[in-house]
Ligand code: ARG
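Numbering (the working numbering), first residue to last: 601 to 1097.
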C-alpha cells in the first residue's frame, strides 16, 4: 500500500499544472534546486524529485494528450490479455476497464486535469486510474513499458489518420471527376513552360490531378499496410518473461500481427516517416494545383473564377478578390516537408532501442496531419465551387500557334514527310504567320503553299483548335470521348460513385 500512497501523492503535482513559462522564467528555474516530490511512477531509486526545468523539457502532455483514445484502447486490450493469461484477476481487469472508460469520458467532457509533472498521456491516464480504482491500477503496467505503449498508441493514431486522409482524397477525386465530366469538351490551352503548347480540354486537365491523388492514396495505403504490426508486449526492448499473448492484443487492436522483434518494435518510427513522406508528396500535388488556380483566376488569365467562399478582399483596394486559400495551400508544403526533415534528423544515427529523442516524433506528425487536413478540405471546396470561363479560354487559344504540331502531323500523315522535316516546315509556317500577325487558322492555302508547296486543300479544317483536340484519341489523350472513357474508368479504379 506504500506504493499506492506514493501514487496518490501526485495530487501535489497536479496543482503544478502544465506550465507556460517564458524563456526568462525557464532560465531562472534552471538555478533552482530539485523539487522534493519524487515521481510516483519511476521515483523509486531517487532521493529527490526532478528540477522544474527537467519536468519542463521532459513533459510531452501538452501535445501527446491527442493520443488519449488510442492509449485507453491499448490499455483495455492489454488488461484483457493479462486477465486471459491469468496474470491479473478478472476482477482487476473489470475495474481497470471501468476506470479507463470513466477517464475517456472525463477527457471528452473536458474535466480531466492534465498534469505536466506526470510527463505524458500514459502516466496521466495511469495516475488517474489509480485515483479512481486504487490497487488494480498498479497492475496494469505488468509486462508492458511506456516504450511499447507509446509505439502502439502512435501507430494506432497514425492508422486512424491514414483512413481519414484516404476519405478526404477520395472526396477530392469525386469533386474533380464531376467537374471533369461537366467540362470534358471545354477547350483551353495546354501549357508547357507556361507557354501555349497544344489545345486541351478543361476536363482533361482536371483528370491529371485525379491520377496524382490516386498515387497519393496508394502511398498512404502502402504506409498503412507496413504500419499494421502491433508493438504491444515488446515491453522496454527485450520482450517479457510473463506468459503474455501478443497475438491476442494485436488482433484486438486491428493489427495484422505482432511485430517480430521487440527491439525493432520500440525503435521503429518508419510509419511516421512514411506518413510524412507521403504527406509531403501529396502536399506538393495540392500546391501545384493551387498555383494553377492562382494563375487561372488572375485578371491576366481569367480562365476560372473562384467562389467568394475561398477568396478574400483587400483592406485598401476595394476591387480585390484575392485567392488566399489557394495561396495558403501553395505554401503548406513548407511545414510538412519541415516535419519530414525534422523527424529524419531526429532518427538519424539514433542507436537502438528507445531514446527520449523519439518523443520529438509527434509534434511534426500532428502538425503535418492538421496542415494536410485543412489543405485537402480547402482544395476540395475550391474545386467544387470554381467556375470555368470558356470565353477567356477560347480567347487564349487564339494566340501562341497551339496547332503547329497538328500541321506537322498532317505533313507526316498526308504528305509522307519524315517528322523532323515536317517539324521544320511547320516552324517556318509559324514564323511566316507571326510576321504577318496571323494565327495558323487564318493563313490562306496560298500562304501555306508559299512555304510548303506540297500542302493540299484538306489541311484547312485540321488547324482548328477543336479539330486538334478531337484528333487526340490515343489512350489517355485529350479527345473529349477519350476523356469521358477515362473518367468512367477512374470511377471504377478508385471506387468513386
Ligand atoms: N512520452 C514518451 C514518448 O513519447 C513515452 C515513452 C517514454 N519512455 C521512456 N523510456 N522514458 O516517447
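Glycine residues also receive a C-beta, built at the ideal position from the N, C-alpha and C atoms.
(message) Distance check for residue 979 and residue 768, CA to CA, integer angstroms please.
(response) 10 angstroms
(request) On a CA-only basis, which of 795, 723 and 952 is nearest residue 572? Give me that one, please. (result) This structure gives no information on residue 572, because the portion of the chain shown stretches from 601 to 1097.
(message) Is it the case that the stretch 916-936 contacts the stretch 877-886, given that we only count it when at least three CB pairs across the two stretches are under 8 angstroms?
(response) yes
(message) Per DSSP, what are the beta-bridge partners of residue 829 in this structure?
(response) 857
(message) Among 852, 1069 and 947, whose alpha-carbon lies nearest the alpha-carbon of residue 994?
(response) The shortest Cα separation from residue 994 among 852, 1069 and 947 belongs to 1069.
(message) Considering Cα atoms alone, identify which of 867, 684, 719 and 700 is closest to residue 665.
(response) 719
(request) Classify residue 798 as helix, strand or coil using the three-state DSSP reduction. (result) strand
(message) What would DSSP say about residue 1080, mapped onto helix, strand or coil?
(response) In the three-state DSSP reduction, residue 1080 falls in the helix class (H, G or I).
(request) List in chain order: all unbroken beta strand (DSSP E) runs of 3+ residues lying wholly within the stretch 953-1010. (result) none
(message) Could you check whether the Cβ of residue 719 sits closer than 7 angstroms to any heavy atom belonging to the ligand ARG?
(response) yes
(message) Short of 6 angstroms in beta carbon distance, which residues of its chain neighbour residue 874, apart from the five on each side in sequence? Order them along the chain.
(response) 823
(message) I'd like to confirm something about residue 922: is its beta-carbon nearer than 7 angstroms to some heavy atom of the ligand ARG, or not?
(response) No, Cβ of residue 922 sits at least 7 angstroms from all heavy atoms of the ligand ARG.
(message) Helix, strand or coil, according to DSSP, for residue 654 in the structure here?
(response) helix
(request) Just confirm the distance between the C-beta atoms of residue 787 and residue 801, as a whole number of angstroms; I'd bet it's less than 8 angstroms. (result) 6 angstroms
(request) Could you check if residue 645 is buried or exposed, using at least 16 other CB atoms within 10 Å of its CB as the buried criterion? (result) Under this definition residue 645 is an exposed residue.
(message) I believe residue 1012 touches residue 1022 by the beta-carbon criterion, under 8 angstroms. Please report the beta-carbon distance rounded to the nearest angstrom.
(response) Indeed they touch by this definition, with Cβ atoms about 5 angstroms apart.
(request) Closer than 8 angstroms by C-beta to residue 1059: which residues in its own chain qualify, once you throw out the five before and the five after it? Chain order, please. (result) 1007, 1010, 1014, 1045 and 1048
(message) Going by the DSSP bridge assignment, what does residue 791 pair with across the sheet?
(response) 796
(request) Note down the Cα distance separating residue 848 from residue 649, rounded to an integer number of angstroms. (result) 38 angstroms
(message) From the DSSP secondary-structure annotation, give me the bridge partner or partners of residue 904.
(response) 988
(request) Return yes when the C-beta of residue 958 is under 7 angstroms from any heavy atom of the ligand ARG, and no when it is not. (result) yes
(message) Can you tell me whether residue 762 is buried or exposed? The criterion is at least 16 other CB atoms within 10 Å of its CB, across all chains shown.
(response) buried
(message) By alpha-carbon positions, which one of 918, 857, 989 and 816 ends up nearest to residue 770?
(response) 816
(message) Need the endpoints of the alpha helix (DSSP H) that residue 722 sits in, please.
(response) 721-733
(message) Quick check: is any heavy atom of the ligand ARG less than 7 angstroms from the C-beta of residue 715?
(response) Every heavy atom of the ligand ARG is 7 angstroms or more from the Cβ of residue 715, so no.
(request) Return yes when the Cβ of residue 732 is within less than 8 angstroms of the Cβ of residue 675, no when it is not. (result) no
(message) Do residue 879 and residue 968 have their beta-carbon atoms positioned less than 8 angstroms apart in this structure?
(response) Going by C-beta atoms, residue 968 is nearer than 8 angstroms to residue 879.
(message) Suppose contacts are defined by Cβ-Cβ distances below 8 angstroms. Is residue 1091 in contact with residue 777 by that definition?
(response) yes
(request) Excluding the 5 residues preceding and the 5 following residue 1085 in the sequence, name in chain order all residues of the same chain whose CB lies nearer than 6 angstroms to its CB. (result) none
(request) To the nearest angstrom, report how far apart residue 986 and residue 911 are at their CA atoms. (result) 11 angstroms
(request) Drop a sphere of 10 angstroms on the beta-carbon of residue 548, count the other beta-carbons inside from all chains shown, and report buried for 16 or more, exposed for fewer. (result) Given that the chain is displayed from residue 601 to residue 1097, the structure contains no residue 548 and the question cannot be resolved.
(request) Would you mind stating whether residue 872 and residue 966 have Cβ atoms separated by less than 8 angstroms? (result) no
(message) Considering just the uninterrupted stretch of the alpha helix (DSSP H) at residue 779, what are its terminal residues?
(response) Counted as a single uninterrupted DSSP element, the alpha helix (DSSP H) harbouring residue 779 occupies residues 746-782.
(request) Name the residue from 687, 751 and 757 whose alpha carbon lies nearest to the alpha carbon of residue 956. (result) 751
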